[in-house]
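In full-length UniProt numbering, the protein residues as written are 1 to 113. In this text, a Cβ means the ideal position worked out from N, Cα and C, and glycines have one as well.
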């Protein structure tokens, strides 16, 4: 059986192909390993390493931004609930207070005639 050609994505061997048995990288153990590609130029490896690190940094920053966004959404929801509760509480005035408000509004309306 021919072993598949795989690609390494680790920082130590970026984008380097190798032969490995079909169980390579799984729980099945295999001792077959042989580099397929010749050694790439140092500059090539350095650029790939930097790109991989940059990509990792961007992924981490994205996760932090998502976390911060969720915190802000949660905080906005809490503020909205508080505002709604205050609004509801303001409308739940005792009957005599509503009566005074109604009389005041009515007297102002009569004075303006």
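The straight-line gap separating the alpha-carbon atoms of residue 83 and residue 75 is approximately 12 Å.
Secondary structure of residue 44 (DSSP, three-state): helix.
Here residue 8 is bridged, per DSSP, to 16.
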